[in-house]
Every structure is written in structure tokens, then in C-alpha cells.
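Numbered per my numbering, the sequence shown spans residues 684 to 871. The beta carbon of each residue, even a glycine, is placed where N, CA and C say it ideally should be.
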Amino acid sequence: MLGETVKQLIYKLFILIIALINIGCGFKLRNSMFVPKQIKTMIIESVEPYNPLTRSVIQELHVHGINVISDTKYVHNKYPILYLGTEMIERKTTSVFINNTVAESLLTMTVTGKIMIPYKGIYPINANTYHYVFDEPNTILAKDVEQETLFQEMRQIISSQLLRKIIILCNNQEYQSKLLNSKRVKTK
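Structure representation (C-alpha cells):
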């Protein structure tokens with residue numbers, strides 16, 4: 684009887700220690716962003732609606748439970764609209780081999796756009812990411828596949844950044860409207 688309660692106590696202590704370690708190290712589930720209800724449905728407009736960036740952004744929105752509407756005829760003033768610009772990729776040489784061929788370069792992907800929140804305004808939004816690439820002159824055929832994989836990873840990072848910025852902007856809008864309403868109540 685006494686041995687069983689000691690086992691239960693050790694078991695509970697073990698579970699408590701594991702929980703405290705997870706909380707202490709900042710562990711969070713991957714998709715643990717709080718999505719405000721005003722952006723649970725969005726419209727995406729893009730210069731190129733079927734390019735990999737637009738598909739990546741739509742996929743990121745779907746992962747977080749945001750519906751994307753494609754038929755925008757009658758709903759322009761009802762849902763937020765994300766206007767995506769084109770992705771700009773810049774390559775800068777950071778180091779060279781002895782024979783003056785590129786050894787390492789820095790890839791920068793930048794996306795600009797704007798989000799229109801109904802009855803609130805239009806806000807510019809941008810995201811960028813960087814990645815260092817080491818060039819191996821002996822593997823020319825593998826470079827194309829590696830580069831496309833790298834670009835897709837960069838698009839996913841940018842999509843996540845855009846979603847975070849939209850959520851921060853919407854939460855800021857809600858905070859400002861609550862603050863404004865509380866000031867109106869106090870002045871009456």
C-alpha cells in the first residue's frame with residue numbers, strides 16, 4: 684500500500700518535471716498563432732495568381748484555418764484583401780574562389796504588398812528572408828533542383844512572416860478600437 688503511493692508520487696513528480704521543462708524552454712506547438720475572427724476569411728489578389736508564392740501564401744492561410752475566397756465580385760467590403768506583389772530575388776557575391784568564380788553568395792527574397800482591412804484602411808506589408816548559398820562548380824545539374832528547393836523554403840518562410848504581420852496588424856487594430864471606445868465612454 685505504501686509502496687503504491689510512493690510510485691504514484693514519483694510518477695506525478697516525473698510528469699510535473701517534464702511539463703516544467705517544456706514550459707521553461709519555450710516549447711509551443713507549430714500552429715499556435717491566435718487568428719483574429721476578422722481574418723478567418725480573406726481574399727488574395729496577386730499579379731500572378733498561380734505562381735509558387737501565391738500558392739505558398741494560400742497554403743499557409745489554410746494551415747491556420749483561414750478561408751480564402753476566390754470569387755470577389757460582391758464581397759470587397761466584407762473581408763480583408765491581401766494584395767501580393769511579385770517576389771524579388773537578389774543574389775550578392777560574398778566570397779570567390781582563387782580562379783575568380785563565385786564560392787558563396789547571399790540570396791535575398793523580398794515580397795511587398797498591402798492589406799486592405801474593411802472600414803479600417805490600407806496598410807503596406809512586406810517580408811524578406813536571407814540565405815547563404817555555397818557554389819560547388821562540379822555539381823552544375825544539382826544546382827537547379829537545389830535552388831528551386833531553396834526558393835520554396837524561402838517562400839514558406841515569407842508566407843509565415845506575412846501571416847504573422849497580418850495577425851499583429853489586426854490585433855493592433857482591435858486594441859486601438861477598444862482603446863478608442865473606452866475613451867468615448869469616459870468622456871460622456
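- Nearest-angstrom Cβ-Cβ length linking leucine 845 and valine 740, presumed shorter than 8 Å: Taking the Cβ atoms as the reference, leucine 845 lies roughly 6 Å from valine 740, within the contact range of under 8 Å.
- Task: Have a look at the DSSP bridge pairing and note the partners of proline 807.
- Result: Per DSSP, Lys797.
- Item | Which listed residue (Lys690, Gln835 and Tyr802) has its alpha carbon closest to that of threonine 812 | Of the candidates Lys690, Gln835 and Tyr802, the one whose C-alpha sits nearest the C-alpha of threonine 812 is Gln835.
- Message: Output needed for leucine 736: all residues of its chain with C-beta closer than 6 Å, excluding positions within five of it in sequence on either side, in chain order.
- Response: Contacts found: Glu770 and Arg838.
- Query: Which of the three DSSP states, helix, strand or coil, is assigned to lysine 761?
  - Reply: The answer is coil: DSSP assigns lysine 761 none of H, G, I, E or B.
- Please classify asparagine 854: does DSSP put it in a helix, a strand, or coil? Helix, per DSSP.
- Proximity winner among Ser778, Ile706 and Ser843, relative to asparagine 809 (alpha-carbon distances): Here the closest residue by C-alpha is Ser843.
- Item | Identity of the residue in Ile752, Gly796 and Pro732 nearest proline 807 by Cα | Proline 807 has its Cα closest to that of Gly796, out of Ile752, Gly796 and Pro732.
- Item | Beta carbon of histidine 745 nearer than 7 Å to that of valine 718 | No.
- May I ask you to report which of helix, strand or coil DSSP gives glycine 768? Glycine 768: strand per DSSP, three-state reduction.
- Message: So isoleucine 726 and isoleucine 752 are supposed to be a Cβ contact under 8 Å. How far apart are they, rounded?
- Response: Isoleucine 752 and isoleucine 726 do touch by the CB rule: their CB atoms are close to 5 Å apart, below 8 Å.
- Message: Please classify lysine 762 as buried or exposed, where buried requires at least 16 neighbouring CB atoms within 10 angstroms.
- Response: Reading the sequence as shown, one finds tyrosine at residue 762 and not lysine. Residue environment for tyrosine 762: buried (at least 16 other C-beta atoms within 10 angstroms of its C-beta).
- Output the boundary residues of the beta strand (DSSP E) element that contains glutamate 728. Looking at the DSSP string, the run of the beta strand (DSSP E) that includes glutamate 728 is 724 to 729.
- Item | Status (buried if at least 16 other CB within 10 Å, exposed otherwise) for valine 794 | The C-beta of valine 794 has 16 or more other C-beta atoms within 10 Å across all chains shown, which makes the residue buried.
- Any idea which residues DSSP pairs glutamate 819 with across the strands? Per DSSP, none; premise fails for glutamate 819.
- Name, in chain order, the residues that DSSP records as bridge partners for asparagine 750. Paired residue(s): Thr724.
- Message: Let me check one thing: in DSSP terms, what residues is glutamate 787 bridge-paired to?
- Response: Ser778 and Phe817.
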